[in-house]
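Q:
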Amino acid sequence: MDEKYFPEQIENKWQQRWNESGVFQARDEDPREKFYCLEMLPYPSGFLHMGHVRNYAIGDALAWFKRLQGFNVMHPIGWDSFGQPAEQAAIKRGVNPRDWTEDNIAHMRGQLQRLGISYDWTREIAAHRPEYYKWDQWFFLKMLERGLAYKKVSQVNWCPKEETVLSNEQSSGGICWRCGTPVQKRDLEQWFVRITEYAEQLLDGMKEIEAGWPEKVLKRQSDWVGRSEGAFIDFAVKDSNHKIRVFTTRIDTIYGATAIVLSAEHPLLPELLEDSALKNDVEAFAQKVKSRKAIRTDLAEEEEKEGLNTGVLAINPFSSETIPVWVANYVLIEYGTGAVMSVPAHDERDFDFAQKYSLPIRQVIAPVTHDQLAAEPVPTTAGDASAEMKHSFTDYGVLINSGEWGGKTSAEAIAEMSAYAREKNFGEAAVTYRIRDWGVSRQRFWGAPVPVVYCDKCNMVPVRYEDLPVVLPKTAAFTGTGESPLAGVPEFVNTTCPQCGGPARRDTDTMDTFVDSSWYFFRYLDPRNNDAPFDPKIAQQWTPVDQYIGGDSHAVMHLIYTRFWNKFMRDIGMVSFDEPVKRLLTQGMVTNRVGDTEEWKAMSKSLGNGVDPDEMIAAFGADATRLFVLFAAPVENELRWSDTGIEGAVRFLRRVYAMVWKWQGRLANDGDQTPGEFSPEARALRRKTHQTIAKITSDLEHLHLNTSVAALMELFNQLNDFNANPAKASESDVFAVREALEALVVMLTPFAPHVAEEMWEGLGHAGGLLREVPRWPVADPELARREELEIPVQVNGKLRSRVIASPEVSEEELKASALADERIRALIDGHEVMKVIVVPRRLVNIVIKSA
RNA sequence: GCCGGAGUGGCGAAAUUGGUAUACGCACCAGACUCAAAAUCUGGCGAGCUUCACUGCUCAUGUCGGUUCGAGUCCGACCUCCGGCACCA
């Protein structure tokens with residue numbers, strides 16, 4: 009230990025030692041309790057940004073805390089290394105995506121090591137390496153076997169800038185999630201994964217994890233799954249054998265249906281119009297809607313509702329009423345059945361539509377109050393139901409104008425009417441979901457090839473498991489035309505059919521990179537397995553993940569896919585549990601001022617407000633950078649960058665370092681001597697030490713890292729105030745200082761591990777902090793207990809005085825001493841004391857009658 | 001529009017869940033050291049009033065109201081900001 013704090017020297021020294029000793033390597037055979045601490049793996053863009061630093065600093069704090077407590081900690085890292093930017097670099101600059109990616113990984117790995125994050129580097133993985141993506145393909149084949157992966161022509165979301173297909177999640181809001189370009193629609197044959205089959209399980213599973221996941225993430229996921237209970241109802245088409253099936257959540261309003269409205273893309277439309285004079289008009293309209301949809305750029309604004317009467321009539325199965333069938337632009341083909349019954353009186357959209365096209369508006373639900381609902385029978389207060397409605401009435405109520413169902417509440421009617429529909433065979437209760445199957449095809453080079461071949465004789469044939477991986481060729485022509493670049497590589501495309509041995513062509517699509525990231529944290533556990541993605545027995549020891557940490561931008565994509573993947577792996581016997589992640593933390597963004605403005609935005613190259621982690625490490629050290637990032641704000645809050653803030657962090661580390669330096673001679677040479685009587689100051693210091701241990705141990709468990717650092721600072725301040733002279737201090741003072749200083753150093757480790765190790769060594773401990781014996785201090789409640797309390801005394805709720813009392817004092821005694829207090833006596837003199845509230849150990853409040 | 005979340009000093013924030021509001025840090029101010037500056041150390045730091053001073057009082061947790069002996073915390077209404085979703089029948 010040097011006299012002065014030189015971060016660079018200390019950090020190099022300990023990074024080298026950690027590396028040589030392999031202390032961060034997790035071992036399967038270890039009797040200690042496991043803890044799996046996982047951070048979202050980075051995309052190797054080339055450079056670490058402050059968001060990464062924050063993410064990994066949080067994870068590392070937890071990993072160190074658990075290690076020091078004696079857990080067997082798994083803390084791995086890898087690279088989400090497939091994806092567009094590598095290919096963009098190839099298109100723009102002619103570099104090979106693989107070289108570009110490997111270079112970036114090498115650089116970022118160096119940055120992570122300079123930050124001193126305690127990863128087990130022996131488990132590092134990268135998605136673009138054949139030994140990894142082989143297993144993406146293996147899983148794909150398993151899904152194909154189970155009918156979970158399938159191919160269909162579909163209208164896909166197409167990003168015209170990146171010239172690729174996007175999933176629904178990636179094109180949410182009508183814009184590309186990556187580049188912000190408005191998304192278009194295209195017809196393409198695509199691979200899909202039947203995530204919809206797991207919709208109900210994805211909702212059910214939330215109950216299991218709700219204690220450990222942020223509410224907002226679960227809410228977004230449940231909105232995404234979008235479960236909706238209702239009924240399918242068939243409307244017979246007049247003078248025809250056709251039926252139009254609609255989905256409704258409000259079957260109780262069916263007597264108010266004054267039209268059936270079909271999506272312009274409804275598959276029944278051509279047949280319905282076969283003999284119709286309006287055929288051409290309707291087709292033209294449908295075309296218009298379709299093309300409008302394809303070029304529509306601004307989905308944020310609602311399209312004006314437009315429709316056309318087809319001239320076809322349908323029959324309401326409840327009322328037998330004949331109503332017209334319309335086509336309109338506001339009915340979504342993707343949801344429900346692509347057809348709705350239009351009930352203008354009780355649906356806003358139908359109301360707008362009916363107003364525009366003068367369709368009848370018929371009220372069939374009357375509002376009721378809560379009290380009326382409880383009455384028997386329920387009275388209707390419809391008033392004049394024939395009066396013109398100014399708005400739709402969308403609440404539940406009581407049925408009117410609804411034949412035999414009149415007088416029933418909405419809830420009763422919904423249950424009874426769908427049962428009736430089922431009985432009469434024209435419908436049934438049904439549940440629909442908003443979630444769509446996961447489109448996994450990408451017309452891209454830099455991804456895992458879909459392991460399927462096409463043979464003229466045998467059609468589509470899966471690649472045999474023993475032939476995996478289907479290796480990506482070294483290079484391709486990166487034209488950026490939108491065709492899959494693999495299609496232009498004959499050595500790749502041309503192959504033999506695994507079934508008949510004849511000539512065959514490979515599928516030229518690659519898989520969505522979210523496939524790679526859906527299961528990667530299982531691969532860490534068994535990264536060199538050549539026979540399976542991982543050994544279930546090994547995975548069983550480590551999973552589920554105890555704590556997962558990452559940005560909330562992944563709330564619905566990655567985090568829903570990975571939950572789905574886990575359920576699939578459970579179904580093929582690879583894991584035994586339903587949910588892969590017990591606790592999730594979505595950390596806040598790191599922001600900085602944009603120029604000289606008061607605008608705080610996420611750091612980015614384009615805004616020019618980035619802060620380079622390497623520069624911070626060079627200027628202040630990795631420890632101070634990490635300490636600041638963890639101290640500046642609660643982990644889930646936005647973190648506003650501050651240069652003076654990081655200076656404060658260095659200042660603190662320097663002060664602690666100087667304190668250790670000052671004491672190290674005395675402490676290192678002075679063995680554990682039996683202390684004598686402690687002075688009141690030494691007792692106070694010990695009290696603070698044990699209170700701090702208790703607070704930080706509990707705060708870290710809940711990832712309250714900022715308050716943990718504050719508590720360390722408080723302990724340091726008290727140690728500073730203790731102000732004993734090392735040369736002259738008594739045995740008992742030395743004991744108290746040692747206890748405080750060692751606790752301080754150990755508890756600083758999660759935040760600033762390098763300097764903590766250095767100081768620990770300086771205090772006379774060889775061999776580093778991670779030993780067989782857990783180093784995390786344990787609070788002694790007896791020592792942490794206050795000897796005396798300062799009890800606030802209020803008069804009528806206002807603080808007027810304080811009295812000193814022992815913690816054991818009885819209520820009566822406390823009350824007596826409060827009433828005896830000089831100031832209090834002056835205040836209550838001449839007033840009647842109404843009552844005295846005594847909260848043991850907390851406060852006394854004297855209520856007096858004011859004059 | 002719908003659904004969430006949040007409003008506390010100049011700033012980031014804390015408050016054992018209804019019991020001393022503003023811990024800890026940043027910035028700032030003063031003093032020490034220095035020829036001087038930086039660094040470092042020591043002290044001060046919500047607002048207003050009062051006192052030579054010790055002190056004391058009043059007001060303050062977005063606004064208004066309520067519950068309570070007591071409200072940053074609970075309830076009601078409103079304002080503002082930030083996220084998410086967006087014709088899902």
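Residue 102 in the numbering used here sits at position 94 of the first sequence, with consecutive numbering throughout. Beta carbons are placed, not taken as given, at the ideal position from N, Cα and C, and that holds for glycine. The structure displayed is predicted, hence computed values, not measured ones.
Going by other Cβ atoms of all chains shown within 10 Å of its Cβ, with 16 needed for buried, is T389 buried or exposed?
A: Residue placement at T389 is poorly supported in this model, since its pLDDT is 46, which falls under 50; the coordinates are not used for a value here.
Q: Taking the straight line between their C-alpha atoms, what separation do you get for Q595 and E396?
A: Spanning the two alpha carbons is a distance of roughly 52 Å.
Q: What does the alpha-carbon distance come out to for the pair A787 and A702?
A: About 5 Å.
Q: So, with DSSP's three-state summary, where would you put S561?
A: In this structure, S561 counts as helix in the three-state DSSP scheme.
Q: Whose C-alpha, out of R194, R472, L281, A760, is nearest the C-alpha of W146?
A: Selected option, being the one with the closest Cα: R472.
Q: Could you give the residue range of the beta strand (DSSP E) that holds W413?
A: Per DSSP, W413 belongs to no beta strand (DSSP E) and is neither H nor E.
Q: Using a 10 Å radius around the Cβ and a threshold of 16 neighbouring Cβ atoms, would you call E830 buried or exposed?
A: It is exposed - the Cβ of E830 has fewer than 16 other Cβ atoms within 10 Å.
Q: Indicate the three-state DSSP secondary structure (helix, strand or coil) for V523 in the structure shown.
A: Correct three-state label for V523: helix.
Q: Which of the three DSSP states, helix, strand or coil, is assigned to N165?
A: Three-state DSSP puts N165 in a strand.
Q: Note the first and the last residue of the continuous beta strand (DSSP E) segment covering M582.
A: Taken as a continuous stretch (DSSP letters only), M582 belongs to no beta strand (DSSP E), as it is neither H nor E.
Q: Does DSSP put L593 in a helix, a strand or coil?
A: Three-state DSSP puts L593 in a strand.
Q: Per DSSP, S236 forms a beta bridge with which residues?
A: For S236, which the question treats as bridged, DSSP gives the partners T440.
Q: Could you check whether I568 and N869 sit closer than 8 Å to each other, using their CB atoms as the reference points?
A: In the structure displayed, the chain extends from 9 to 859; residue 869 sits before or after that span and is not available.
Q: Short check: CB of I369 to CB of V406, under 8 Å?
A: Not in contact: I369 and V406 (Cβ atoms no closer than 8 Å).
Q: Could you tell me the distance, in whole angstroms, from the CA atom of A690 to the CA atom of V753?
A: Their backbone Cα atoms lie some 19 Å apart in a straight line.
Q: Beta-carbon within less than 6 Å of S284's beta-carbon, same chain only, minus the 5 sequence neighbours each way: which residues are those?
A: For S284, where only same-chain residues beyond five positions count, the Cβ hits under 6 Å are G319.
Q: Could you tell me which uninterrupted alpha helix (DSSP H) segments, each at least 4 residues in length, are contained entirely in the segment 81 to 146, listed from first to last along the chain?
A: Correct list: 92 to 101, 105 to 123.
Q: In or out: R154 buried (at least 16 other Cβ within 10 Å) or exposed?
A: Its Cβ having fewer than 16 others within 10 Å, R154 is exposed.
Q: Could you compute how far the alpha carbon of S716 sits from the alpha carbon of H115?
A: Roughly 32 Å separates the two Cα atoms.
Q: Exposed or buried, what is A3 when buried is set at 16 or more other beta-carbons lying within 10 Å of its beta-carbon?
A: Past the boundaries of the shown model lies residue 3; the chain is included only from 9 to 859, so the question cannot be answered.
Q: With a threshold of 16 other CB atoms inside 10 Å of the CB of W346, please say whether the residue is buried or exposed.
A: Residue identity differs from the one stated: residue 346 is Gly in this sequence, not Trp. Buried, because 16 or more other Cβ atoms sit within 10 Å of the Cβ of G346.
Q: Going by DSSP, name the residue or residues bridged to M349.
A: Partner(s): I268.
Q: Grab the span of the beta strand (DSSP E) containing Q802 for me, first residue to last.
A: Q802 -> beta strand (DSSP E) spans 797 to 803.
Q: For the pair the segment 616 to 625 and the segment 43 to 63, tell me if three or more CB-CB distances fall below 8 Å.
A: Result yes; three or more Cβ-Cβ pairs closer than 8 Å.
Q: How would you write the range of the beta strand (DSSP E) that P511 sits in, first residue to last?
A: Looking at the DSSP string, the run of the beta strand (DSSP E) that includes P511 is 511 to 514.
Q: Considering only DSSP beta bridges, list what F200 is partnered with.
A: Paired residues: Y158, G447.
Q: Just how far apart, CA to CA, sit D520 and N165?
A: Whole-angstrom Cα-Cα distance: 13 Å.
Q: Might you give, ordered along the chain, the residues of its own chain that have their beta carbon closer than 7 Å to the beta carbon of I341, omitting 5 neighbours on each side?
A: S271, E273, H274, listed in sequence order.
Q: Which residues share a DSSP beta bridge with M468?
A: Its beta-bridge partners are Y462.
Q: Find the nearest neighbour of L316 within the set T330, K298, V290, S328, judged by alpha-carbon distance.
A: Ranking T330, K298, V290, S328 by Cα distance to L316 puts V290 first.
Q: Would you say D524 and D128 are within 8 Å of each other, going by their C-beta atoms?
A: No.
Q: Taking 8 Å as the cut-off, decide whether the C-beta atoms of S400 and E356 are in contact.
A: Cβ distance < 8 Å, so S400 and E356 count as in contact.
Q: Looking at the structure shown, is D392 part of a helix, part of a strand, or coil, going by DSSP?
A: Confidence at D392 is low in this model, with a pLDDT of 44, below 50, so the placement of that residue should be treated as unreliable; the coordinate-derived value is given next. Correct three-state label for D392: coil.
Q: Using the rule of at least 16 other Cβ atoms within 10 Å of the residue's Cβ for burial, across every protein chain shown, is P815 buried or exposed?
A: So P815 counts as exposed.
Q: Would you list the one or two residues that DSSP bridges to I845?
A: For I845, which the question treats as bridged, DSSP gives the partners N853.
Q: Am I right that G238 and T266 are in contact with their C-beta atoms under 8 Å? What's the rounded C-beta distance?
A: Not quite, the Cβ-Cβ distance comes to about 19 Å (not below 8 Å), so this is no contact.
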